[in-house]
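First up is the structure itself, then whatever we jot down about it.
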Amino acid sequence: MRLHFNSCKVAILIATLLPLFVSNVGHGSDQRRDAEIHADKGLRLAQAGNLPEAEIELRIAVQVVPDDAGFLSNLGTILAMERKLEDSTGVFERALRVDPKDVTTRRYLAANLWQLHRYPEAKRNLEIILNQAPNDKESRLLLGMVSENMKDYPTAIRMLGSVPAQVRERPESIAALARSYYHLGQRKNAQRSLEELLTHPSGARGILLGAQVADEMKDYDTAEKLITAITSQSTDQATVGYELALVQYHAKRFAESQRTLLSLISSGYKSSQAFNLLGWCYHEENQPADAARAMQEAIDLDPTQQSNYLDLEKILLASGSLPSALGAAKRASDRFPDSPLAFLMRGSIELKMSQFTDAVVSYTRALRLDPANPDASLGLAEAQSNAGLDKEAVAGFEAAIRKFPQDPRFRLQYALMLLKLAESGNLSAETRAERLLKSAVALTPPLPEVHYQLGDLAQKKNRTTEALAEFRHAAKLDPQSAKVHFALGRIYRRLGRNAEAAREMDFYQRLKESESKAAMPPSGTGASQN
Amino acid sequence: MTLRFSNRPFHVCLVAFTFFTHGGTGKTASQAEIFTDVTEQAGITWHHFSGESPDRFLIETMGGGVGFLDFDGDGLQDIFFVNGGETPRGKSPNPVRNALYRNLGNGKFEDVAAKAGVDRIGFYGMGVAVADYDNDGFPDLFITGFPESALFHNNGNGTFTNVTDRAGVKNAGKWAASAAWFDYDRDGLLDLVVTNYVQFSFDNPKKCAVNDVPTYCEQEAYLGMPLSLYHNNGNGTFTDVSRQAGFDKLVGRALGVVAIDVNDDRLPDLFIARDASPNLLLINKGNGRFEDIALDAEVAYDAGGLAKAGMGVDAGDLNGDGFPDFVVTNFNDQYHSLFFGSPSLPYEDRTVASHLAEYSKSFVGWGTHFIDYDNDGNLDLVIANGHINQVVETTRNDVKYKEPPLLLRNNGKGILQNMREHAGPAFNTGYSARGLAVGDFDNDGGIDIVLTCLNGKPILLRNNMGQSNSWVGFQLQGTKSNRDAVGARLTIALPNRKLVRWITGGSSYLSSHDKRVIVGLGEGPQRAAVNVEIRWPSGTVQRVSNLRTNQYNKISEPIKHSPAAHNK
Numbered sequence: 277m278r279l280h281f282n283s284c285k286v287a288i289l290i291a292t293l294l295p296l297f298v299s300n301v302g303h304g305s306d307q308r309r310d311a312e313i314h315a316d317k318g319l320r321l322a323q324a325g326n327l328p329e330a331e332i333e334l335r336i337a338v339q340v341v342p343d344d345a346g347f348l349s350n351l352g353t354i355l356a357m358e359r360k361l362e363d364s365t366g367v368f369e370r371a372l373r374v375d376p377k378d379v380t381t382r383r384y385l386a387a388n389l390w391q392l393h394r395y396p397e398a399k400r401n402l403e404i405i406l407n408q409a410p411n412d413k414e415s416r417l418l419l420g421m422v423s424e425n426m427k428d429y430p431t432a433i434r435m436l437g438s439v440p441a442q443v444r445e446r447p448e449s450i451a452a453l454a455r456s457y458y459h460l461g462q463r464k465n466a467q468r469s470l471e472e473l474l475t476h477p478s479g480a481r482g483i484l485l486g487a488q489v490a491d492e493m494k495d496y497d498t499a500e501k502l503i504t505a506i507t508s509q510s511t512d513q514a515t516v517g518y519e520l521a522l523v524q525y526h527a528k529r530f531a532e533s534q535r536t537l538l539s540l541i542s543s544g545y546k547s548s549q550a551f552n553l554l555g556w557c558y559h560e561e562n563q564p565a566d567a568a569r570a571m572q573e574a575i576d577l578d579p580t581q582q583s584n585y586l587d588l589e590k591i592l593l594a595s596g597s598l599p600s601a602l603g604a605a606k607r608a609s610d611r612f613p614d615s616p617l618a619f620l621m622r623g624s625i626e627l628k629m630s631q632f633t634d635a636v637v638s639y640t641r642a643l644r645l646d647p648a649n650p651d652a653s654l655g656l657a658e659a660q661s662n663a664g665l666d667k668e669a670v671a672g673f674e675a676a677i678r679k680f681p682q683d684p685r686f687r688l689q690y691a692l693m694l695l696k697l698a699e700s701g702n703l704s705a706e707t708r709a710e711r712l713l714k715s716a717v718a719l720t721p722p723l724p725e726v727h728y729q730l731g732d733l734a735q736k737k738n739r740t741t742e743a744l745a746e747f748r749h750a751a752k753l754d755p756q757s758a759k760v761h762f763a764l765g766r767i768y769r770r771l772g773r774n775a776e777a778a779r780e781m782d783f784y785q786r787l788k789e790s791e792s793k794a795a796m797p798p799s800g801t802g803a804s805q806n
Numbered sequence: 004m005t006l007r008f009s010n011r012p013f014h015v016c017l018v019a020f021t022f023f024t025h026g027g028t029g030k031t032a033s034q035a036e037i038f039t040d041v042t043e044q045a046g047i048t049w050h051h052f053s054g055e056s057p058d059r060f061l062i063e064t065m066g067g068g069v070g071f072l073d074f075d076g077d078g079l080q081d082i083f084f085v086n087g088g089e090t091p092r093g094k095s096p097n098p099v100r101n102a103l104y105r106n107l108g109n110g111k112f113e114d115v116a117a118k119a120g121v122d123r124i125g126f127y128g129m130g131v132a133v134a135d136y137d138n139d140g141f142p143d144l145f146i147t148g149f150p151e152s153a154l155f156h157n158n159g160n161g162t163f164t165n166v167t168d169r170a171g172v173k174n175a176g177k178w179a180a181s182a183a184w185f186d187y188d189r190d191g192l193l194d195l196v197v198t199n200y201v202q203f204s205f206d207n208p209k210k211c212a213v214n215d216v217p218t219y220c221e222q223e224a225y226l227g228m229p230l231s232l233y234h235n236n237g238n239g240t241f242t243d244v245s246r247q248a249g250f251d252k253l254v255g256r257a258l259g260v261v262a263i264d265v266n267d268d269r270l271p272d273l274f275i276a277r278d279a280s281p282n283l284l285l286i287n288k289g290n291g292r293f294e295d296i297a298l299d300a301e302v303a304y305d306a307g308g309l310a311k312a313g314m315g316v317d318a319g320d321l322n323g324d325g326f327p328d329f330v331v332t333n334f335n336d337q338y339h340s341l342f343f344g345s346p347s348l349p350y351e352d353r354t355v356a357s358h359l360a361e362y363s364k365s366f367v368g369w370g371t372h373f374i375d376y377d378n379d380g381n382l383d384l385v386i387a388n389g390h391i392n393q394v395v396e397t398t399r400n401d402v403k404y405k406e407p408p409l410l411l412r413n414n415g416k417g418i419l420q421n422m423r424e425h426a427g428p429a430f431n432t433g434y435s436a437r438g439l440a441v442g443d444f445d446n447d448g449g450i451d452i453v454l455t456c457l458n459g460k461p462i463l464l465r466n467n468m469g470q471s472n473s474w475v476g477f478q479l480q481g482t483k484s485n486r487d488a489v490g491a492r493l494t495i496a497l498p499n500r501k502l503v504r505w506i507t508g509g510s511s512y513l514s515s516h517d518k519r520v521i522v523g524l525g526e527g528p529q530r531a532a533v534n535v536e537i538r539w540p541s542g543t544v545q546r547v548s549n550l551r552t553n554q555y556n557k558i559s560e561p562i563k564h565s566p567a568a569h570n571k
């Protein structure tokens, strides 16, 4: 389980905000006096922890004296403490319009924007502060964090490196600095930074955060070292054990990860995520039955977690158990009737099993739940085409190409459908198909199948040189495609280039054997012919 | 019309003549329909039993075979049907029996299987290959099945004897599908090739389902088997030469076979249709071994490297160039395949250009044969279709479980036209058809067809168009060559074209055909005499001239090589 930054960001914010509450007192006139009374009351309520009522009081103060930067700042602060960040941001911006030189308010605004992931705006405000007050340590700290989020790692290192004391106070800042070092290839600096977490007052929480960073950056030894350091002292053995197993899994030490998890589970620390990871370990160790069982345990422990169902489907699919995968997909879609992803998965399995009319139903549902989802549009049109619903498929493809003009997959699938129609007697379909394929070439990502089909068309028309070029292009994009190597073998054979033909057929045979082994269902089960 | 081969008294011939001019039962065939279903009129009541069960064993959906043969030598084609069998949970209330329908000559048939001794076999039946393996003048039966096959010798007196063990052709432990008789070493004796399908057992049923309804599993769930080749020793025994021939290495899911000389070297070759395994084109090297050139011929896979679901196969000259062309039946969405043969490789895939793709897109094909149904001189094509999964209609809109057969007319250049509208009601009705055999059961020059249906009655289709054009019929008898003349090549030279026909071994799916050859001559019902060049399997070339048209001509192989020999 990963720790999110949000709670840490709030901690930073609160740490910087408290001094503000004592700054806004003592100004003239009756109206102002009235406003000040409300403002003082609000501040006292805030200090007592009654934020909703504090907000009311400060809103009254602002209403009475709308152009008081202090009142506005305090209201903004209270809203931020209530996590009403958008409202808080708007209020801070108002305050800054009244007093643009208020460094503190601008810093709070930047903190809000950072939490709202509006990094460029946060950065802009921090740069304004640092222009006015270059040594503002809090702003340097915050700019370092923002720069790391924006993947500007040199700036992140420069800023965070300039305020070491501030960075050391917070594990999140240490983590950000370490991550920046990793990204710039300064592995030793990163490790040194993370090692500070071993003696940090945040304890296990900070160390785990550091381990997650190391894991994320593929420095598995450091990650494991950090976690092992707290294994005996942490009170949250479930989390520590899981994190250790996760690092081992990422390091591809699947057997070790499996042992860690089994030890954790047998010690009574059963959790859905532990069984999920155990399932993946079994999968990597080619133990499909155990993998499915573990994943089912994960589901049983937390039936609300959709990802467990999807992972079970993926594992069953990978082991060739299509009927079981479909069973899992049906359970998932029943459990999560409003999840487009659940219906997408179900539809894709139904397609694989040639249950085309069922796939049409599933993809239709997915599209209804998420009309902007290109995978749902694509799956639906494909299913319709395979189900013999040609008119619907054509309409679907045409609409999808208009909606997703840069997605080459629609052009490809539509072309494949048209080529089938051409084979069945529709002569104009082939011309349209070729046009679609050629238009797909210019789009990204490049699809090997596009080039394969263009090669096939060229070969049928005896444009051998063109065909060879297209097949070669397809092979470069997808060297593991059996049928591309078959096509190359055939064309070389026709050209009398027998050695090359033999080589390509050899690739083809080996790839075909791997495909067959991968597709071979567990003994006693299988897919039906439809 | 003259019946040339009947040994019956004149009055029977007169009755038969009357029958054929007045429609026999009083019913006249519709002038519009090419084929008429005469099953009921013929008295064919036999029913196939597949042993269908909740276990959904694949074998339940794969049979049964049928063969035309004149078992009693009376000049009339009889029909033999192979039944399936029981499965562990698929039991029959009655004994599962084959049928041997004796042609009574008046459009009626009588089942004499029990009397003949061929009604029962001790295994699950699949197909039949008919030939006179011992050259005694009477056709014998090789019945394929699981987990063994059987050879029945025709005793010449209306009965058969099971000689399997003595002959050594039990093919034990294997699931045999189609078989073909052919003389691979040209010693005048017919040898036997058997296609073996998959490793199979009733002990561990594979479980597949669609929406929880049990279905038949994909063939790829089963491992393939090697072919079997049995050499005829000439003394009633055979030797298993599968290993010597290299057949033991040809492991795959074989279902269909046709034997024909593809490269014109006088040696019969083999085209093997295989199911989700690459097809084989086995060239006879003359030394007991065969070389597979299917890859070079580009008939092994489709253009995408996919091994299609090859079930049935036939060979014939569709485009009139004198070289054998091939049709292979496949699964829906794969199209049945059509390849034009040629002396150079690769063969041309004409599946799309011929329109066969268009017509076969939604069908699962089984038995098939090239026939000239209207005797215009162009070989047409007939195909039996039927899906294997009862639930297919719940998964898509364009494929049905029961599918109509296809009758496709050839324009002479290999472009096909679906004759559905004129072919007759049978071609507009859905069946679970499997085996398909062709033969002229009424000796009128029109090729008739019989189809078998899974768990159903067969369908006997009488051809009403055979006399639209002239034709010439051949009944060849080998002397130095095998008596059935399997492997013979006939060339009929007409003023504006040359027609080439072969007597092939095997062909279709699980089935066996009338060994006589009918060659349509086109150009109306009256035609002058024709000449034929016969290349016998032994290598002897015989030219026969002034053959009478619109009748069968019995021609024996000359003992001495004599170019002008005329045995009429």
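Chains as they are written, first to last, in our numbering: chain A, 277 to 806; chain B, 4 to 571. Virtual Cβ for every residue (Gly too), placed ideally from N, Cα, C. Small disclaimer: the values here were computed from a predicted structure and weren't measured.
| Asked | Found |
| --- | --- |
| Please report the distance separating the alpha-carbon of ASP122 of chain B from that of LEU382 of chain B. | 35 Å |
| Can you check the segment 420-482 of chain A for any beta strand (DSSP E) of at least 3 residues that lies completely inside it and give the ranges in chain order? | none |
| For TRP49 of chain B, does the three-state DSSP call read helix, strand or coil? | coil |
| Strictly below 7 Å CB to CB, what residues from chain A border CYS456 of chain B? | Correct list: empty, because the minimum Cβ distance to chain A is about 19 Å. |
| Can you give me the Cβ contacts of LEU351 of chain A inside the same chain, cut-off strictly under 6 Å, excluding the 5 residues immediately before and after it? | LEU334, VAL338 and VAL367 |
| Assuming TYR362 of chain B and ASN421 of chain B make a contact with CB atoms under 8 Å, what is their CB distance in whole Å? | 5 Å |
| Hey, GLY380 of chain B and GLY525 of chain B are a contact pair by Cβ (cut 8 Å); roughly how many whole angstroms apart? | 4 Å |
| Can you find a CB in chain A that lies within less than 7 Å of the CB of ALA116 of chain B? | no |
| Determine which residues share a DSSP beta bridge with ASN235 of chain B and list them. | B:PHE241 |
| When we look at the beta-carbon of ALA466 of chain A and count the other beta-carbons within 10 Å, is it buried (16 or more) or exposed? | buried |
| In three-state DSSP terms, what is LEU253 of chain B? | coil |
| For GLU573 of chain A and chain B, any beta-carbon pair shorter than 7 Å? | no |
| Within this structure, are the beta carbons of SER510 of chain B and ASP317 of chain B separated by less than 7 Å? | yes |
| Would you call the segment 300-308 of chain B and the segment 337-353 of chain B in contact, with 3 or more CB pairs under 8 Å? | yes |
| Along chain B, which residues have their Cβ under 8 Å away from the Cβ of GLU500 of chain A? | Correct list: empty, because the minimum Cβ distance to chain B is about 44 Å. |
| In the DSSP assignment, the alpha helix (DSSP H) including ARG611 of chain A goes from what residue to what residue? | 598-611 |
| Any Cβ of chain A within less than 7 Å of the Cβ of THR398 of chain B? | yes |
| Going along the segment 357-376 of chain B in order, which residues come within less than 9 Å of chain A, judged by CB to CB distance? | HIS358, ALA360, GLU361, TYR362, LYS364, SER365 and VAL367 |
| When the distance is taken between beta carbons, is LEU712 of chain A closer than 7 Å to ALA734 of chain A? | no |
| Please look up how many angstroms separate the CB atoms of TRP49 of chain B and ALA119 of chain B, rounded, as I've assumed it's under 8 Å. | Not confirmed; about 14 Å, so no contact. |
| In whole angstroms, what is the alpha-carbon distance linking LEU107 of chain B and ASP75 of chain B? | 11 Å |
| Under the three-state reduction of DSSP, which class applies to ASN388 of chain A: helix, strand or coil? | helix |
| Below 7 Å on C-beta distance, what does PHE632 of chain A contact in chain B? | THR398 and ARG399 |
| Measuring only between beta-carbons, confirm whether GLY800 of chain A sits less than 7 Å from chain B. | Note that GLY800 of chain A scores 47 on pLDDT, short of 50, meaning its location in the model is unreliable; the coordinates nonetheless yield the value given after this. For GLY800 of chain A, the answer is yes, since a Cβ of chain B falls inside 7 Å of its Cβ. |
| Are there three or more Cβ pairs, one per stretch, closer than 8 Å when the segment 187-194 of chain B is compared with the segment 160-167 of chain B? | no |
| I'd like to know whether the C-beta atoms of TRP369 of chain B and ARG437 of chain B end up nearer to each other than 7 Å. | yes |
| So PRO217 of chain B is in the beta strand (DSSP E); what residue range does that whole segment cover? | 216-218 |
| For the 8 Å Cβ check, are there 3 or more pairs between the segment 248-266 of chain B and the segment 140-150 of chain B? | no |
| Would the beta-carbon of THR595 of chain B fall within 7 Å of that of THR371 of chain B? | Summary: the structure shown does not reach residue 595 of chain B, with chain B confined to residues 4 through 571, and so no result is reported for it. |
| Which residues, taken in chain order from the segment 286-310 of chain B, show a beta carbon closer than 8 Å to some beta carbon of chain A? | LEU298, ASP299, GLU301, TYR304, ALA306, GLY307, GLY308 and LEU309 |
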